[in-house]
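Trainee:
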Amino acid sequence: MQRSPSVFSPQWRLTSVGVAVAISIFAFEGIAVATAMPSAVRDLDGLAFFGWPYSAFLVMNLVGLGVAGQWCDRVGPRTPLLTGIAVFTAGLLMAGTAGHMAVFVLGRGAQGFGVGLASIAVFQLVAMVYPPDLRPKALAIISTAYVLPALVGPMISGTITAHVGWRWVFLGLVPVAVAGGLTLLPALRTAPAPGRSAESGSRRPLFALLAGVGVVMLQAGGNAVVAGRTVLAVLALGAGLLALGAGLRELLPRGATRLRRGVPSVVAVRGLLAGPFYAMESIVPLTLVTLHGFGTVASGVPLLAGALGWWAGAQAQGRITAVSRQSLLRWGLLALVVCFAGMAALSLPGAPGWPVYLLWVVGGFGMGMCVPTTGVLVLDQSAEDETGRNSSALQISDVTAAGLGTSGAGVIVGATEGGGLDFGAGMAVLGLAAAAVCAAAAVCASRTAPPAERAVAG
Numbered sequence: 251m252q253r254s255p256s257v258f259s260p261q262w263r264l265t266s267v268g269v270a271v272a273i274s275i276f277a278f279e280g281i282a283v284a285t286a287m288p289s290a291v292r293d294l295d296g297l298a299f300f301g302w303p304y305s306a307f308l309v310m311n312l313v314g315l316g317v318a319g320q321w322c323d324r325v326g327p328r329t330p331l332l333t334g335i336a337v338f339t340a341g342l343l344m345a346g347t348a349g350h351m352a353v354f355v356l357g358r359g360a361q362g363f364g365v366g367l368a369s370i371a372v373f374q375l376v377a378m379v380y381p382p383d384l385r386p387k388a389l390a391i392i393s394t395a396y397v398l399p400a401l402v403g404p405m406i407s408g409t410i411t412a413h414v415g416w417r418w419v420f421l422g423l424v425p426v427a428v429a430g431g432l433t434l435l436p437a438l439r440t441a442p443a444p445g446r447s448a449e450s451g452s453r454r455p456l457f458a459l460l461a462g463v464g465v466v467m468l469q470a471g472g473n474a475v476v477a478g479r480t481v482l483a484v485l486a487l488g489a490g491l492l493a494l495g496a497g498l499r500e501l502l503p504r505g506a507t508r509l510r511r512g513v514p515s516v517v518a519v520r521g522l523l524a525g526p527f528y529a530m531e532s533i534v535p536l537t538l539v540t541l542h543g544f545g546t547v548a549s550g551v552p553l554l555a556g557a558l559g560w561w562a563g564a565q566a567q568g569r570i571t572a573v574s575r576q577s578l579l580r581w582g583l584l585a586l587v588v589c590f591a592g593m594a595a596l597s598l599p600g601a602p603g604w605p606v607y608l609l610w611v612v613g614g615f616g617m618g619m620c621v622p623t624t625g626v627l628v629l630d631q632s633a634e635d636e637t638g639r640n641s642s643a644l645q646i647s648d649v650t651a652a653g654l655g656t657s658g659a660g661v662i663v664g665a666t667e668g669g670g671l672d673f674g675a676g677m678a679v680l681g682l683a684a685a686a687v688c689a690a691a692a693v694c695a696s697r698t699a700p701p702a703e704r705a706v707a708g
């Protein structure tokens, strides 16, 4: 029996290593900044602007995703990827050497823009370099590259911040980012340009900026609701919904909101699974501390268990070939339903806390199955000159839904602080809502097949 080719075979080895290094750096930076931020804002006298670096990253990440889609389709992955790594590196230098909070915020914005550019270019590189039967394994590399920083990132960044200083959390990544870019150069030299003619897509970055501002305004509106500032809440929520709706209408494929068969449904389902997952992930430690009396360390262990489950799910989807991608997606979504419904049950009075460890392995496994699978579905259903645009839409759906999910969870937590809602009841409602959304997405999983496969999709 002939052994199936590996993504680490000689012809793909450097590309696979380069992709893993680049994505790991982006993931580590996203995790490490949470550890470094308290020290950074104290040193820069920027406590009043604590949320700005996060908002700057989110908004500019969406802009980068919007820019990268058509740019990659027009010129190929080389220039956008190298530009993204360069801008990201410049952002690391700005944040690491900042003497004022404004410079730190600008650095975080540059990092977000660079990550947006590079992540879409990496997707297109995968589509061009690897044959279709290796794409699931190549995308599993990307998922794995997110897992390792989740396991060791907080410990490493905390140690660096405590013993060397928060600036080196950013500056220390500069040579690694450069090395990752150099590792990808051989593959980038041989990757063909799709040759798409320039078309009227210059407005996409503006719509991406509009969508990012919309997400931030919705976050502000949610905070205003919790604070009881009704007028401000209405204005912010209304403006945020208008801005987000206008932006996404241009950025997502036509028919995404109607779950039109094919790529539009893939993009929609990605958002439907990302929002609930990141909403629930954001409240796990708080729930365990508040309802079950867990300590700080014990309350964070389920997230590590979830990261290991994610890795296992990503590896599994790369090896399972006997069933359709739609079936894999449905299985992953049902795993998320089990996880979130279980979390709701653990929020009831008298429920034990220990099952959360098992639940987050299941939830992580579901995400590990779903995220690479949606990537494979988009790449397999995209023409060569549509890969960038469709990959951009997929990532925009993910990032936007994650931002809205965590904001929504924050609003519910805030409502419990005011005494108007019992904490356990609030977390149970959130868990059931998340499970319901993923269950609906599982029902719609068959719509992620192309129209021609309607009769045979799994």
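When we follow the working numbering, the leftmost residue of the sequence shown carries the number 251, and every step to the right adds one. Cβ coordinates follow ideal geometry from the N, Cα and C atoms, glycine included.
1) On the three-state DSSP scale, how would you describe Ser274?
2) With a Cβ-Cβ cutoff of 9 angstroms, do Arg510 and Thr624 count as a contact?
3) Straight-line CA distance for Pro386 to Ser597?
4) May I have the straight-line CA-CA distance separating Ser450 from Gln320, to the nearest angstrom?
5) State the DSSP-derived secondary structure class of Gly296, mapped to helix, strand or coil.
6) Just how far apart, CA to CA, sit Asp295 and Met287?
7) Alpha carbon to alpha carbon, how far is Asp323 from Ala678? Give it in angstroms, no decimals.
8) From which residue to which residue does the alpha helix (DSSP H) around Trp418 run?
9) Below 8 angstroms, how does it come out for the stretch 641-659 and the stretch 547-554: are there three or more Cβ pairs, yes or no?
10) Which word fits Gln261, buried or exposed, when buried means at least 16 other C-beta atoms lie within 10 angstroms of its C-beta?
11) If Val325 and Gly364 are in contact, beta carbons under 8 angstroms, what's the gap, nearest whole angstrom?
12) Alpha helix (DSSP H) containing Thr480: first to last residue?
13) Jot down the residue ranges of each uninterrupted alpha helix (DSSP H) in the stretch 543-611, minimum 4 residues, whole runs only, in chain order.
14) Nearest-angstrom Cα distance between Gly430 and Phe615?
15) For Leu682, name the three-state secondary structure that DSSP assigns.
16) Report back the beta-carbon spacing between Ala691 and Leu523 to the nearest angstrom; my notes put them in contact at under 8 angstroms.
17) For Ala685 and Ala529, I'd like the C-alpha separation in whole angstroms.
18) Buried or exposed for Leu435, going by 16 or more other Cβ atoms inside 10 Å?
19) Taking Gly349 as the reference, which of Ala290, Ser647, Ala675 and Gly478 has the closest Cα?
20) Give a yes or no on whether the C-beta atoms belonging to Val309 and Gly362 are separated by under 9 angstroms.
21) Can you give the Cα-Cα distance for Thr265 and Ala437, rounded to whole angstroms?
22) So what's Leu302 in DSSP terms, helix, strand or just coil?
23) Here's the rule: buried if 16 or more other CB atoms are within 10 angstroms of the residue's CB, otherwise exposed. What is Pro399?
24) Hey, which unbroken runs of the alpha helix (DSSP H) at 4 residues or more fall wholly within the stretch 293-364?
25) Whole angstroms are fine: how far does the CA of Gly613 sit from the CA of Ala557?
26) Three or more C-beta pairs under 8 angstroms: does that hold for the stretch 578-590 against the stretch 628-641?
27) Count the other CB atoms, across all protein chains shown, that sit within 10 Å of the CB of Cys688; report buried if there are 16 or more and exposed otherwise.
28) When we look at the beta-carbon of Phe300 and count the other beta-carbons within 10 Å, is it buried (16 or more) or exposed?
29) Can you grab the Cα-Cα spacing for the pair Ala278 / Val402, in whole Å?
30) Under a Cβ-count criterion, where at least 16 other Cβ atoms within 10 Å of its own Cβ denotes burial, should Val269 be classed as buried or exposed?
31) Can you give me the start and stop residues for the alpha helix (DSSP H) that Thr409 sits inside?
32) For the stretch 369-376 against the stretch 461-469, do three or more pairs of beta-carbon atoms, one drawn from each stretch, fall closer than 8 angstroms, so that the two count as touching?
33) By DSSP, does Pro425 sit in helix, in strand, or in coil?
34) Identify which residue in Val353, Val611 and Ala412 has its Cα closest to the Cα of Trp561.
35) Within 9 angstroms (strictly less), CB to CB, does Phe420 reach chain D?
36) What's the gap between the Cα of Val426 and the Cα of Phe354?
Mentor: In short, the structure shows the following:
1) helix
2) no
3) 36 angstroms
4) The predicted model places Ser450 with a pLDDT of 49, which falls under 50 and marks its position as unreliable, so this point remains unresolved.
5) coil
6) 12 angstroms
7) 44 angstroms
8) Arg417 to Leu421
9) no
10) exposed
11) With a Cβ gap of about 17 angstroms, Val325 and Gly364 do not count as contacting.
12) Thr480 to Leu501
13) 546-569 and 575-596
14) 28 angstroms
15) helix
16) 6 angstroms
17) 11 angstroms
18) exposed
19) Ala290
20) yes
21) 6 angstroms
22) In the sequence under discussion, the amino acid at residue 302 is Trp, which differs from the Leu named in the question. In this structure, Trp302 counts as helix in the three-state DSSP scheme.
23) buried
24) 302-325 and 328-347
25) 9 angstroms
26) no
27) buried
28) exposed
29) As written in the sequence, residue 278 is Phe, which differs from the Ala given in the question. Cα-Cα distance, rounded: 9 angstroms.
30) buried
31) Arg385 to His413
32) no
33) helix
34) Val611
35) Annotation note: the requested chain D is absent from the structure, which comprises a single protein chain.
36) 20 angstroms
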